[in-house]
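Here is the structure we will look at.
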Amino acid sequence: MNCNIAVIKGDGIGPEVVTQAMKVLDAVGAKFGHTFNYEQLLMGGCSIDVHGVPLTDEAVERAKASDAVLLGSIGGNTSTSPWYKLPPDKRPEAGLLKIRKELGLFANLRPAFLYDQLKNACPLKKEIADNGFDMMIMRELTGGLYFGERKTEEIDGVMTAIDTLTYNENEIRRIAIKGFDIAMKRRKKVTSVDKANVLDSSRLWRKIVEEVAKDYPEVTYEHMLVDNCAMQLVKDPAQFDVVLTENMFGDILSDEASMITGSIGMLASASLNETKFGMYEPSGGSAPDIAGQNKANPIATILSAAMMLRYSFDLDKEADAIENAVKKVLADGYRTCDIMSGEQGTTLVACDEMGDLIVENI
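This is the structure we're talking about:
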């Protein structure tokens, strides 16, 4: 397969971790007979420095012409960087919002997986962590409360803020289809999370999810209220496979799920549109305090590249090869500084060394 990938290395540690992900992709290509062509684009602070804006229209068009986007990290130190003296629509993160909108990325996938070797970093009780967990939080990204009409005004002498939560059946249907499609690649279970005992939007959500479920007879599904789901994530996370939910609920639950893995430096993410096109990025930030020091953990970005192979290119075997290589390197005791706990038999390695070790195990 010949794959054209738009690469946005971004700011801070972005260039370091993306370089390692590209190195791993090239190793996969060499082993399985694929060619990955990279076109590097600017977005974020680096684009501001060169073009005066966080994302140019030309970069957007070139990203659209690619098969997928591999993204590093965007932004810098908000207290010291000159980028944050600019108006909000000119700051680095504005580029991220723009590209998500321009590429129609409505489905956010954030896996939460607890590696056996990192169970000591999990904040849950040992008996819960020992069971492990492997879930995918599937969050609708462009609708709901965050994108509804809002206003603040004085009503009868009282300042009143109004935020509108709106979903239509088409928005719900497309994210539900993505959720069930993803479940077909995993353990074939969907937990649809809502607040149907209170919200009309959730009752519509539930109705549409049930309609979509009929087209996936191999997938078992259940409904769960969001407050119960938040509790179950810390009580018994092993029960979940795909957690399908709306924008605000997904925002909260995905952060909760990431916390119980022990390190955000291990967490990949993807944002997909209605085709197989997606943008793949680590869940962590640009970490400007360690940028350029070869200390960053590249695993989240490397796992994001594995997600790209799986969900945009349907290269499941190749994605498995990357994920298994990560597991092997961790099992061998190699750690970057963020996951180094001083356990016996572990070895501290730099960012590029971690990339090399994963390549060796492809």
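The opening residue of the sequence shown carries number 162 in the working numbering; numbering runs sequentially from there.
The beta-carbon is built from N, C-alpha and C at its ideal position, and this holds for glycine as well.
A quick note: this is a predicted structure, and the numbers were derived from the prediction, not measured.
Taking a C-beta distance under 8 Å as the contact criterion, ILE298 and LEU203 do not qualify as a contact pair.
Pairwise C-beta distances place the segment 404-422 in contact with the segment 373-392, as three or more of them are shorter than 8 Å. The secondary-structure analysis by DSSP pairs THR406 across a beta bridge with ARG300 and VAL354. Secondary structure at PRO272: strand, using DSSP grouped into helix, strand and coil. Looking at the backbone, the Cα of ARG300 and that of ALA466 are separated by about 19 Å. The segment 442-460 makes contact with the segment 226-243; the number of CB pairs closer than 8 Å reaches 3 or more. Under DSSP, HIS384 forms a beta bridge with SER353. Per the C-alpha coordinates, the member of THR381, ARG271, THR508 and ASN281 positioned closest to ALA418 is ARG271. Minimum Cα-Cα distance from ALA486 among the listed residues VAL178, ARG311, ASN163 and ALA188 corresponds to ALA188. Less than 8 Å separates the beta-carbon of ILE174 from that of ALA457. The three-state reading of DSSP puts ASP493 in coil, since its state is none of H, G, I, E or B.
Between GLY205 and LYS225, the alpha-carbon positions lie close to 17 Å from each other. Here DSSP, grouped into helix, strand and coil, assigns GLY305 to helix. Between the alpha carbons of GLU222 and ASN163 lies a gap of roughly 20 Å.
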